[in-house]
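*Asks:* Structure in structure tokens, see below.
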Amino acid sequence: MNNIEETLSIIKPDAVERNLQDQIKNEFKSKGFEILNEKKIHITKEEAEKFYKVHESKPFYNDLCAYLSSGPIVVMKLQKDNAVLENRKLMGATNPDNAEEGTLRKKYGISIDKNSVHGSDSLENAKIELDFFFKD
Ligand code: UDP
Ligand code: MG
Numbered sequence: 006m007n008n009i010e011e012t013l014s015i016i017k018p019d020a021v022e023r024n025l026q027d028q029i030k031n032e033f034k035s036k037g038f039e040i041l042n043e044k045k046i047h048i049t050k051e052e053a054e055k056f057y058k059v060h061e062s063k064p065f066y067n068d069l070c071a072y073l074s075s076g077p078i079v080v081m082k083l084q085k086d087n088a089v090l091e092n093r094k095l096m097g098a099t100n101p102d103n104a105e106e107g108t109l110r111k112k113y114g115i116s117i118d119k120n121s122v123h124g125s126d127s128l129e130n131a132k133i134e135l136d137f138f139f140k141d
């Protein structure tokens, strides 16, 4: 049974800064993800605060928002069977030190904050996050 989903991926500033976006996009494509839409943008701190509002109460919230708005990012609408879970699997654990071999965060992540990629964690959040960046 097919279960086509769409999810949001962000290539974070640390990866764009190292010019890894084409390499990371190829990782998605080789795993069967279709990139339905993408754009390179530089968001404001206020936009980052809105995007990461679920983490408002966390001690790392301020740094996280400052970081996501610190440089250009690439936001992508990805499509695949079970895209939400498949993207989370390909990304690996939040902390690159704990991420499995072959995952994007293991390969490219620098640290828990500079972990190269974001991915929606549920279908519900994927819809909200895709709307945030791609609502026309
Ligand atoms: N983060 C951080 N310090 C922490 C936990 C998380 O800087 O102790 C950052 C990290 O970049 C992570 C983001 O906050 O990607 C969002 O955290 P979440 O727990 O949602 O992890 P994710 O869903 O990105 O794996
Ligand atoms: Mg998360």
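Heads up, the sequence shown is in this note's numbering, so the first residue is 6 and it goes up one at a time. Backbone N, C-alpha and C fix where the C-beta goes; we use that ideal spot for every residue, glycine too.
(1) S121 to N92, Cα distance in whole Å?
(2) Tell me where the alpha helix (DSSP H) around M6 begins and ends.
(3) Of all the options M96, H47, F139 and F38, which has the alpha carbon lying nearest to the alpha carbon of S74?
(4) Report the option in K85, V59, N87 and T49 whose CA atom is closest to the CA atom of A71.
(5) As a quick exercise: from K94, N87, R110 and N42, pick the residue whose alpha carbon is nearest that of V80.
(6) Below 6 Å, is the gap between the Cβ of D136 and the nearest heavy atom of the ligand MG?
(7) Which residues share a DSSP beta bridge with T99?
(8) Quick check: the stretch 31-39 against the stretch 53-73, are there 3 or more CB pairs under 8 Å?
*Replies:* Let me lay it out:
(1) 13 Å
(2) First-last for M6: undefined, no H or E at that position.
(3) H47
(4) T49
(5) N42
(6) no
(7) The partner list for T99 (beta bridge, DSSP) is empty, contrary to what the question assumes.
(8) no
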